[in-house]
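**Student:** Starting off with a structure, shown below.
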Amino acid sequence: MSATIRPPRGSRVAAVVGVGLLAVLAACTTSTAPPATSTTSSLATPTTNVPAPSAAEILEKARANAVSASSAAFTGRIDQDGTEMVIDFKGTSDGSSADVTLQIQDEGRVRVISAAEEVYLQGDAQFWKTQGLPSPPAADKFVKAPVAAKELTQQLSLNSFLDEAFNAVTPSQLSDSVGSESVGGVDAWVITDAKGQAEGALYVSKSEFEIVRFTGSSASPGQLDFSRWNEDLGIKPPSADQVAPLG
Numbered sequence: 078m079s080a081t082i083r084p085p086r087g088s089r090v091a092a093v094v095g096v097g098l099l100a101v102l103a104a105c106t107t108s109t110a111p112p113a114t115s116t117t118s119s120l121a122t123p124t125t126n127v128p129a130p131s132a133a134e135i136l137e138k139a140r141a142n143a144v145s146a147s148s149a150a151f152t153g154r155i156d157q158d159g160t161e162m163v164i165d166f167k168g169t170s171d172g173s174s175a176d177v178t179l180q181i182q183d184e185g186r187v188r189v190i191s192a193a194e195e196v197y198l199q200g201d202a203q204f205w206k207t208q209g210l211p212s213p214p215a216a217d218k219f220v221k222a223p224v225a226a227k228e229l230t231q232q233l234s235l236n237s238f239l240d241e242a243f244n245a246v247t248p249s250q251l252s253d254s255v256g257s258e259s260v261g262g263v264d265a266w267v268i269t270d271a272k273g274q275a276e277g278a279l280y281v282s283k284s285e286f287e288i289v290r291f292t293g294s295s296a297s298p299g300q301l302d303f304s305r306w307n308e309d310l311g312i313k314p315p316s317a318d319q320v321a322p323l324g
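Quick note: the sequence shown uses our numbering, first residue 78, plus one each step.
Given below as structure tokens:
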């Protein structure tokens with residue numbers, strides 16, 4: 078995935094991480110859902126007696142709530158062109174605060190913290206090797222991203238993820254059928270691709286019309302579970318003794 082992106086050291090880190098993060102939601106919006114061990118399915122019979130809105134109405138309300146949210150968190154995995162990515166994200170809508178861990182197959186693990194107008198990265202040996210860093214820091218240390226990599230703040234914003242996701246979904250792509258499932262104890266409406274749930278689904282809470290889960294397609298399998306909408310996520314920069322020079 079990153080083979081075609083070769084900017085200089087600091088901006089290369091930003092590009093690799095940013096492309097990987099945006100690919101997570103891009104793939105999930107065109108993507109078989111993995112086994113949902115915490116989901117109780119009842120597509121034919123809703124879990125409550127609330128009349129089902131139309132799929133288009135659910136999508137629009139979910140979109141409106143998501144883009145107006147101040148913060149959120151999500152975790153999951155996707156498969157993009159045979160490359161598996163695992164992500165743990167929490168952050169604000171504008172990217173001013175974010176804490177993201179991304180594991181990319183064959184490229185290693187990186188954690189990125191955006192806080193107090195700075196961006197910090199912590200990677201394993203494999204990640205730094207793929208970046209060509211001659212003297213990588215210890216695995217338990219962060220490095221402060223150089224100015225060239227600070228564009229990563231926008232790529233880390235919740236809005237960038239949501240824009241990528243919603244731009245790939247239109248009402249015309251949806252099935253007219255609306256399902257109902259319980260996801261982690263949350264009653265949710267389920268809207269799916271016109272070809273069926275196995276080709277992509279969006280789970281939206283009945284009470285608040287907040288996104289609970291995205292699942293992908295048979296071509297790009299994946300699942301992202303959302304939580305903590307509009308919460309104070311308590312994101313802070315690493316302490317000074319956790320930060321090493323970028324070699």
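The beta-carbon is built from N, C-alpha and C at its ideal position, and this holds for glycine as well.
Is the shortest distance between the beta-carbon of Phe291 and the beta-carbons of chain B less than 8 Å?
**Tutor:** In summary, chain B is missing from the structure at hand, where a single protein chain is found.
**Student:** If we require 3 or more residues per run, which beta strand (DSSP E) segments fall completely within the region 177 to 229?
**Tutor:** Positions of the beta strand (DSSP E) runs, each at least 3 residues long and wholly inside the region 177 to 229, are given as 185 to 192, 195 to 200, 219 to 221 in order along the chain.
**Student:** Going straight from the alpha carbon of Ile135 to that of Glu285, what length do you get?
**Tutor:** 11 Å
**Student:** Helix, strand or coil: which one does DSSP assign to Phe238?
**Tutor:** Correct three-state label for Phe238: helix.
**Student:** Could you check which residue in Ala215, Glu137, Glu195 has the C-alpha nearest to that of Gln203?
**Tutor:** Ala215
**Student:** Kindly indicate which three-state DSSP category Glu308 falls into: helix, strand or coil?
**Tutor:** coil
**Student:** Answer with buried or exposed for Gln319, where buried requires no fewer than 16 other C-beta atoms within 10 angstroms of its C-beta.
**Tutor:** exposed
**Student:** Helix, strand or coil for Ser171? Go by DSSP, reduced to three states.
**Tutor:** Note that residue 171 is Asp in the sequence shown here, rather than Ser. In the structure shown, Asp171 sits in coil (DSSP, three-state: anything other than H, G, I, E or B).
**Student:** In terms of residues, what are the limits of the beta strand (DSSP E) holding Ser148?
**Tutor:** 148 to 157
**Student:** Going by DSSP, name the residue or residues bridged to Ser257.
**Tutor:** Ser257 pairs with Trp266.
**Student:** Quick one: what does DSSP say Leu301 is sitting in, helix, strand or coil?
**Tutor:** strand
**Student:** So Gly311 and Ser234 are in contact, right, with Cβ under 8 Å, and what is the actual spacing, rounded?
**Tutor:** Contact flag wrong, Cβ pair sits at about 18 Å.
**Student:** Are Val255 and Ala132 closer than 8 Å when you measure CB to CB?
**Tutor:** yes
**Student:** Between which two residues does the alpha helix (DSSP H) holding Ala132 run?
**Tutor:** Its alpha helix (DSSP H) spans residues 132 to 145.
**Student:** My guess is that Val263 and Val289 are in contact by the Cβ rule of under 8 Å, so how many angstroms apart are they, rounded?
**Tutor:** 5 Å
**Student:** Would you please state the rounded distance, in angstroms, between the beta carbons of Pro128 and Phe219? I believe it to be under 8 Å.
**Tutor:** Cβ-Cβ separation between Pro128 and Phe219: approximately 50 Å, too far for a contact (criterion under 8 Å).
**Student:** Give the straight-line distance between the Cα atoms of Tyr197 and Phe166, rounded to the nearest whole angstrom.
**Tutor:** 15 Å
**Student:** So, does the region 137 to 151 touch the region 205 to 213, judging by three or more C-beta pairs under 8 Å?
**Tutor:** No contact exists between the region 137 to 151 and the region 205 to 213.
**Student:** Give the DSSP bridge partners of Ser282, in chain order.
**Tutor:** Ala265
**Student:** Given a threshold of 16 other Cβ atoms within 10 Å of its Cβ, counted over all protein chains shown, does Pro322 qualify as buried or as exposed?
**Tutor:** exposed
**Student:** Assuming Gly172 contacts Ser148 (C-beta within less than 8 Å), just tell me the rounded distance between them.
**Tutor:** Contact between Gly172 and Ser148 does not hold, since the beta-carbon distance rounds to 11 Å and is not under 8 Å.
**Student:** Answer yes or no: do Ala265 and Ser252 have a C-beta to C-beta separation smaller than 8 Å?
**Tutor:** It is not a contact, given that the beta carbons lie outside the stated cut-off.
**Student:** Would you mind giving the Cβ-Cβ distance between Ser295 and Ala275, rounded to the nearest angstrom? I have them listed as a contact below 8 Å.
**Tutor:** 6 Å
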